[in-house]
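Asks: Just dropping this structure here.
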Amino acid sequence: NAGVTQTPKFQVLKTGQSMTLQCAQDMNHEYMSWYRQDPGMGLRLIHYSVGAGITDQGEVPNGYNVSRSTTEDFPLRLLSAAPSQTSVYFCASRGAGAGPSYEQYFGPGTRLTVT
Amino acid sequence: GDSVTQMEGPVTLSEEAFLTINCTYTATGYPSLFWYVQYPGEGLQLLLKATKADDKGSNKGFEATYRKETTSFHLEKGSVQVSDSAVYFCALRGRDDKIIFGKGTRLHILP
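Top to bottom, those sequences are chains B and A.
Numbering-wise (our numbering), the first sequence opens with residue -10 and increments by one.
Numbering-wise (our numbering), the second sequence opens with residue 26 and increments by one.
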């Protein structure tokens, strides 16, 4: 049981390049999310998904796309990278259902630098 | 909308000191409340949680009590260790099922 995995761990992009950050979980969790972490800003929600085929925007969705074709995978796409997207990106997953205490599990993060 | 406010850091303490990190929230209904910890170079880990008023979450010597009357969930530990140095995030899970985080508090423990 690997939990939540993210690749790559580090990435440097030039302005205007595109790339996909990969996220996978093997816990059969319905709910998956992408956050970015910036100094002094905490974690901000980019996009989330409540199940395969369903995605929605979070607090800071501009410049990012997501899709959820399977329960396990939730990739985050940067279509045209900008320096403002330099950040650490975390993927997270948790079970859904009525229970309010389902724990959210985080991946190890991807540190992205856009020059 | 829902929000979490926690004390700004960094907080620097000597080993064996008493720790309090304040957290207050704004939410409709009855959110679940969480403290997460992030050690250097790692992702976030759940430290403790409380799902209803007057619940006390506890783990690794840390405690926090869900106070609905003051909309607070302050984190406390009686005697901190160097290994507790990390960033601590208060968070809530609201009626719309999203998890909202505070900005984090960096804690430094000096030997």
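Every residue, glycine too, gets a C-beta built ideally from N, C-alpha and C.
Because the structure is a prediction, the values reported are computed rather than measured.
Taking Gln(-5) (chain B) as the reference, give the member of B:Leu68, B:Thr75, B:Gly42 and B:Asp62 with the closest Cα.
Replies: B:Asp62
Asks: Which term fits Ala71 (chain B), buried or exposed, when burial requires 16 or more other beta carbons within 10 angstroms of its beta carbon?
Replies: That one is exposed.
Asks: Can you grab the Cα-Cα spacing for the pair Gly26 (chain A) / Ala52 (chain A), in whole Å?
Replies: So the alpha carbons of these two residues sit roughly 7 angstroms apart.
Asks: Can you tell me which of A:Lys123, A:Ile134, A:Ser108 and A:Ser57 puts its alpha carbon nearest to the alpha carbon of Ala96 (chain A)?
Replies: The identity of residue 96 (chain A) in the sequence shown is Thr, whereas the question assumes Ala. Of A:Lys123, A:Ile134, A:Ser108 and A:Ser57, the residue nearest in Cα terms is A:Ser57.
Asks: Going by C-alpha to C-alpha distance, which of B:Glu92, B:Gly52, B:Arg57 and B:Gln14 sits closest to Ser7 (chain B)?
Replies: B:Gly52
Asks: Does the distance from the CB of Thr99 (chain B) to the CB of Gln0 (chain B) come in under 8 angstroms?
Replies: yes
Asks: Excluding the 5 residues flanking Thr102 (chain B) on each side, which residues of the same chain have their C-beta closer than 6 angstroms to its C-beta?
Replies: Val1 and Thr75
Asks: Within 10 angstroms of its Cβ, does Arg120 (chain A) collect 16 or more other Cβ (buried), or is it exposed?
Replies: exposed
Asks: Kindly indicate which three-state DSSP category Ser76 (chain B) falls into: helix, strand or coil?
Replies: Reduced to three states, the DSSP call for Ser76 (chain B) is strand.
Asks: Here's the rule: buried if 16 or more other CB atoms are within 10 angstroms of the residue's CB, otherwise exposed. What is Ala78 (chain A)?
Replies: exposed
Asks: Per DSSP, what are the beta-bridge partners of Ala52 (chain A) in this structure?
Replies: Its beta-bridge partners do not exist; DSSP assigns none.
Asks: Could you say which of A:Thr37, A:Tyr50 and A:Ser83 lies nearest to Glu94 (chain A) if we only look at CA atoms?
Replies: A:Tyr50
Asks: Going by DSSP, which residues form a beta bridge with Gly82 (chain A)?
Replies: Answer is A:Ala89.
Asks: Got a sec: is the Cβ-Cβ distance from Gly127 (chain A) to anything in chain B below 8 angstroms?
Replies: yes
Asks: Within its chain, find whatever has a CB closer than 6 angstroms to the CB of Val55 (chain B); leave out the 5 residues flanking it on each side and keep chain order.
Replies: His36, Thr44 and Leu65
Asks: Between which two residues does the beta strand (DSSP E) carrying Val(-7) (chain B) extend?
Replies: Annotation for Val(-7) (chain B): the continuous beta strand (DSSP E) segment containing it runs Val(-7) to Thr(-4).
Asks: Determine, for Gly103 (chain A), whether the minimum Cβ-Cβ distance to residues of chain B falls below 8 angstroms.
Replies: No, Gly103 (chain A) lies away from the interface with chain B (no Cβ there is under 8 angstroms from its Cβ).
Asks: List the residues that DSSP assigns as beta-bridge partners of Thr96 (chain A).
Replies: Answer is none; Thr96 (chain A) lacks a bridge partner.
Asks: Identify whether Val49 (chain B) lies in helix, strand or coil by the three-state DSSP scheme.
Replies: Judged by DSSP in its simplified three-state form, Val49 (chain B) adopts coil rather than helix or strand.
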